[in-house]
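Protein chains in written order, with my numbering: chain A, 1 to 356; chain B, 1001 to 1356.
Beneath this line is the structure, given in structure tokens, with notes to follow.
Protein chains: 2
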Amino acid sequence: MSSRDRRQDVTIKDVAQAAGVSYATVSRVINNYKHVTPDKRERVVNAMIRLGYVVNQQARSLAGGHSGVIGLLVPDVGNGYIGEVIRGIDAELAANQYDLMLYTTHRHPSKESMYVATLTRGMTDGLLLLLPLNPSAYLDALHQKQFPYVVIDHQGFDDFSPTIIARNFVGAYNAIRYLIDLGHRRIGFVAGTPELASAIERLNGYKQALRDCGLEFDPALVENGDFQQPTAYAAATRLFALADRPTAIFAASDISAFGVYDAAYMAGLRIPQDVSIIGFDDIPQAANTHPRLTTVRQPLYEMGRQATRMLLEEIECPSGVVRRIEFDTELIIRDSCQPLNGLPSSQTVGRGGASV
Amino acid sequence: MSSRDRRQDVTIKDVAQAAGVSYATVSRVINNYKHVTPDKRERVVNAMIRLGYVVNQQARSLAGGHSGVIGLLVPDVGNGYIGEVIRGIDAELAANQYDLMLYTTHRHPSKESMYVATLTRGMTDGLLLLLPLNPSAYLDALHQKQFPYVVIDHQGFDDFSPTIIARNFVGAYNAIRYLIDLGHRRIGFVAGTPELASAIERLNGYKQALRDCGLEFDPALVENGDFQQPTAYAAATRLFALADRPTAIFAASDISAFGVYDAAYMAGLRIPQDVSIIGFDDIPQAANTHPRLTTVRQPLYEMGRQATRMLLEEIECPSGVVRRIEFDTELIIRDSCQPLNGLPSSQTVGRGGASV
DNA sequence: CCTTCTTATGAAAACGCTTTCAAAAATGTG
DNA sequence: CACATTTTTGAAAGCGTTTTCATAAGAAGG
Chain A
1 MSSRDRRQDV
11 TIKDVAQAAG
21 VSYATVSRVI
31 NNYKHVTPDK
41 RERVVNAMIR
51 LGYVVNQQAR
61 SLAGGHSGVI
71 GLLVPDVGNG
81 YIGEVIRGID
91 AELAANQYDL
101 MLYTTHRHPS
111 KESMYVATLT
121 RGMTDGLLLL
131 LPLNPSAYLD
141 ALHQKQFPYV
151 VIDHQGFDDF
161 SPTIIARNFV
171 GAYNAIRYLI
181 DLGHRRIGFV
191 AGTPELASAI
201 ERLNGYKQAL
211 RDCGLEFDPA
221 LVENGDFQQP
231 TAYAAATRLF
241 ALADRPTAIF
251 AASDISAFGV
261 YDAAYMAGLR
271 IPQDVSIIGF
281 DDIPQAANTH
291 PRLTTVRQPL
301 YEMGRQATRM
311 LLEEIECPSG
321 VVRRIEFDTE
331 LIIRDSCQPL
341 NGLPSSQTVG
351 RGGASV
Chain B
1001 MSSRDRRQDV
1011 TIKDVAQAAG
1021 VSYATVSRVI
1031 NNYKHVTPDK
1041 RERVVNAMIR
1051 LGYVVNQQAR
1061 SLAGGHSGVI
1071 GLLVPDVGNG
1081 YIGEVIRGID
1091 AELAANQYDL
1101 MLYTTHRHPS
1111 KESMYVATLT
1121 RGMTDGLLLL
1131 LPLNPSAYLD
1141 ALHQKQFPYV
1151 VIDHQGFDDF
1161 SPTIIARNFV
1171 GAYNAIRYLI
1181 DLGHRRIGFV
1191 AGTPELASAI
1201 ERLNGYKQAL
1211 RDCGLEFDPA
1221 LVENGDFQQP
1231 TAYAAATRLF
1241 ALADRPTAIF
1251 AASDISAFGV
1261 YDAAYMAGLR
1271 IPQDVSIIGF
1281 DDIPQAANTH
1291 PRLTTVRQPL
1301 YEMGRQATRM
1311 LLEEIECPSG
1321 VVRRIEFDTE
1331 LIIRDSCQPL
1341 NGLPSSQTVG
1351 RGGASV
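Written as structure tokens, this is what we have:
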């Protein structure tokens, strides 16, 4: 098919010939096996350098070695949340000399299964699944096959999937408590898709905080969304149009919060003087809005790293142990909230400033 | 090495046996060759479905077929600029059933050569290079090898590399003309790294616009940066500290512009009342700052798509023709600039609003 | 100096596929 | 109906590795 001449590539055989050894020996040198005399090892290494030898990963993995590549399935790219997680994954992968194969499902559940099938057919040594939409369709199979994988922000719960997740409930709970402490009583909530466990957890945190503070839950103050900006804009616009409009809004993601910002802007409401807004995630852009967004930080980068570490450990020495790591969230107070009828509370905290 | 049992995977031979044909025939069916009777073809297809056959890409490409994967080298991920380009690449790739192998160089020129070497050893059918730092080290070799590749935002110029790029000069020129038309005379410039051609082009556009309007170029108003936020913050802080401080600042990237925002904020300057700010790129976040950022739009998504299309065409029917596509930029007027000593000029334009 | 046990090495068999090559079957021609 | 084509098919040779297996060379033990 491909027209270029592949025969010009230098192979293990060329190296063997140049070094005057069998190609099996060259393979041993490449894989750093013992049972090679220093003398020959050196000759081989020299030959490899001289000829500019580069291993062919395809052949290697086909022959039973490892492929050195990890598959990553994400719903989307170019979104702050996912970008941060990928950065963490990438850092850990690079540190361990693994390569990354990226698949975007474009939020198509059916594509997920397809990709998983392809990727597990030798292409990769392990799989990272970020925000999977329909994992039940293939997780069983993966597990059966004993194929290493880790799920980040798992939709549901099962007992056999290694998982990385943040404490969404507590994060939401603390955010609402913070708003209540500032004197807010009518707090709107622009929720995420009810299909995702994290969205439900955040809603539950919201409800629990209200309950614990003796406030009644008002369904009119909760709008379903999908974590995206346009939907949040529409939702917030509706909330602002309410006769007894909320004085504060909790958005289920930072991206949603930006939609709420837009809606406030359009409704002529000043932030935080007229309405307090709080987000969730702490993506890098959260520090770039004006006013800077107060939000619940998920350690996205660290979650990516940790997931990768877990996966690589399992690949390199399979233990079969199923781990589940939950990360704490942290309230990052910036400038988008203030006490009800009070002064701005810009008590900038920690790494809330200009981000890198 | 890997402990799991691969023998349970169904191969072409299993399918052949189940269908009662030789495995060469199965291969023909997979690759959609002619010279297979409809009868046998159907039997093979049925067997594939029944057995759940999935092709092993490694073996396929090792045996001389195409691998169906494209390698992408980027300096970084999780950055708005790159995210947008990747989105475009991803869309085009998905539409053509290609997979993506992503490599991050972390701005290490030496890693670039290494990755290129690995990727061209059978792993991929073609290469996309985004913002390469040290391409001269391997572009010659790629070209010699006739390995398909396309460069996006090429550093320098050569006659043999297919390239996708935006008209940086014109973009910068128009931005400055716009500021001058608003009455600004002292216009600061937070530049990019002088190693990148696009940075130089933007600087040239800046100078030319001043010249054409009879304004003198003042080196004190130009600060070198690196397209990143912290550096831009520092640079802008210095500009604002000038005795005769600029009334407008042109930032070489949107990310830089955010640094300028921070600096203005810290210096107690209001945007756009006290200082007008204009960026470059139009990354999605540009519409989310308050005030929303006026900027020079590069069609990043489209550039990614186009680059990919160019690459795939060359892979599928090699022509050897070296194409270079330049994309027009567009000034997106939002709310971060206003006439000097005048009223705000919030003439929102086109897709400047809430982005998706 | 001759066994026995390591350690080092090469030959060769996979791995799962694509692709010749040649033979067999089907079709067309006079 | 014999012969020349064309289409369909299977056998087998790679592709560049890893890995097993058997052998050759060294070291250790008596």
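C-beta atoms are modelled at their ideal positions from N, C-alpha and C, and glycine is treated no differently.
Since this is a predicted model, take the numbers as computed values, not measurements.
Using three-state DSSP, classify residue i as helix, strand or coil.
{"i": "A:V409", "result": "Residue 409 of chain A lies beyond the range of chain A shown here (1 to 356); nothing can be said about it."}
{"i": "B:F1217", "result": "coil"}
{"i": "B:V1356", "result": "Note that B:V1356 has pLDDT 29, beneath the 50 cutoff, so the model's placement of it is unreliable and the number below is only indicative. Three-state result, B:V1356: coil."}
{"i": "B:T1348", "result": "Only weak support is given to the placement of B:T1348: the predicted model assigns it a pLDDT of 37, under 50, and the question is left unresolved by the model."}
{"i": "B:F1240", "result": "helix"}
{"i": "B:D1282", "result": "coil"}
{"i": "A:S110", "result": "helix"}
{"i": "B:M1001", "result": "Unreliable positioning characterises B:M1001 in this predicted model, as indicated by a pLDDT of 37, which lies under 50. The coordinate reading is nonetheless provided below. In this structure, B:M1001 counts as coil in the three-state DSSP scheme."}
{"i": "A:A137", "result": "helix"}
{"i": "B:A1235", "result": "helix"}
{"i": "B:E1092", "result": "helix"}
{"i": "B:T1124", "result": "coil"}
{"i": "B:V1015", "result": "helix"}
{"i": "A:D394", "result": "Only positions 1 to 356 of chain A appear in the structure, and residue 394 of chain A is not among them; the question remains open."}
{"i": "B:F1258", "result": "helix"}
{"i": "B:I1271", "result": "coil"}
{"i": "B:T1105", "result": "coil"}
{"i": "B:V1116", "result": "helix"}
{"i": "A:L131", "result": "coil"}
Closest to residue i by C-alpha separation, out of the options, would be which residue?
{"i": "A:A141", "options": "A:L119, A:L130 and A:P230", "result": "A:L119"}
{"i": "A:I278", "options": "A:L239, A:L331, A:A117 and A:F169", "result": "A:L331"}
{"i": "B:A1091", "options": "B:M1114, B:C1337, B:R1309 and B:F1160", "result": "B:R1309"}
{"i": "B:G1171", "options": "B:G1183, B:H1106 and B:Q1298", "result": "B:Q1298"}
{"i": "A:A263", "options": "A:Q285, A:A286 and A:P230", "result": "A:P230"}
{"i": "A:I152", "options": "A:H35, A:V26, A:R167 and A:L242", "result": "A:R167"}
{"i": "A:M266", "options": "A:P291, A:A236, A:H290 and A:R60", "result": "A:A236"}
{"i": "B:F1169", "options": "B:H1106, B:F1327, B:M1114 and B:V1021", "result": "B:F1327"}
{"i": "B:K1013", "options": "B:Y1103, B:A1047 and B:H1066", "result": "B:A1047"}
{"i": "A:F160", "options": "A:Y138, A:I89 and A:A175", "result": "A:Y138"}
{"i": "A:I283", "options": "A:R186, A:A24, A:Y301 and A:D181", "result": "A:Y301"}
{"i": "B:E1316", "options": "B:Q1097, B:L1051 and B:V1015", "result": "B:Q1097"}
{"i": "B:G1122", "options": "B:G1320, B:L1062, B:P1219 and B:Y1149", "result": "B:L1062"}
{"i": "A:R60", "options": "A:E42, A:A251, A:R28 and A:A197", "result": "A:R28"}
{"i": "A:I176", "options": "A:P38, A:I333, A:R238 and A:Q17", "result": "A:I333"}
Is the CB of residue i under 8 Å away from at least one CB in chain A?
{"i": "B:S1061", "result": "yes"}
{"i": "B:A1172", "result": "no"}
{"i": "B:F1217", "result": "no"}
{"i": "B:N1341", "result": "no"}
{"i": "B:N1096", "result": "no"}
{"i": "B:V1190", "result": "no"}
{"i": "B:T1348", "result": "Annotation note: pLDDT 37 at B:T1348 (below 50); position unreliable, coordinate value reported separately. So, not an interface residue."}
{"i": "B:T1193", "result": "no"}
{"i": "B:I1086", "result": "yes"}
{"i": "B:T1231", "result": "no"}
{"i": "B:Q1285", "result": "yes"}
On the premise that residue j lies in contact with residue i, defined as a C-beta separation below 8 Å, what is that separation, rounded to the nearest angstrom?
{"i": "B:I1082", "j": "B:V1069", "result": "The pair is not a contact, with the Cβ atoms about 19 Å apart (cut-off 8 Å)."}
{"i": "B:G1187", "j": "B:P1194", "result": "It should be pointed out that residue 1187 of chain B corresponds to Ile in this sequence rather than to Gly. The Cβ separation is near 19 Å, so there is no contact."}
With a threshold of 8 Å between beta-carbons, can residue i be considered close to chain B, or not?
{"i": "A:L100", "result": "yes"}
{"i": "A:A354", "result": "Confidence at A:A354 is low in this model, with a pLDDT of 33, below 50, so its placement is unreliable and the value that follows should be read with caution. It does; some Cβ of chain B falls within 8 Å."}
{"i": "A:N288", "result": "yes"}
{"i": "A:F258", "result": "yes"}
{"i": "A:Q58", "result": "yes"}
{"i": "A:M123", "result": "yes"}
{"i": "A:V54", "result": "yes"}
{"i": "A:Y261", "result": "yes"}
{"i": "A:D328", "result": "no"}
{"i": "A:Y149", "result": "no"}
Please indicate yes or no: does the CB of residue i lie closer than 7 Å to some heavy atom of the ligand PLP?
{"i": "A:A257", "result": "What this structure holds is no ligand at all, so the ligand PLP is not there to describe."}
Runs of 3 residues minimum, wholly inside the segment 61-85 of chain A: which ones carry the beta strand (DSSP E) assignment?
Correct list: 69-74.
Within the segment 1287-1341 of chain B, note down every full alpha helix (DSSP H) run reaching 4 residues or more, in order along the chain.
1300-1316, all fully within the segment 1287-1341 of chain B.
Taking the runs of the alpha helix (DSSP H) that are 4 residues or longer, which of them lie wholly in the segment 166-230 of chain A?
Positions of the alpha helix (DSSP H) runs, each at least 4 residues long and wholly inside the segment 166-230 of chain A, are given as 168-181 and 197-212 in order along the chain.
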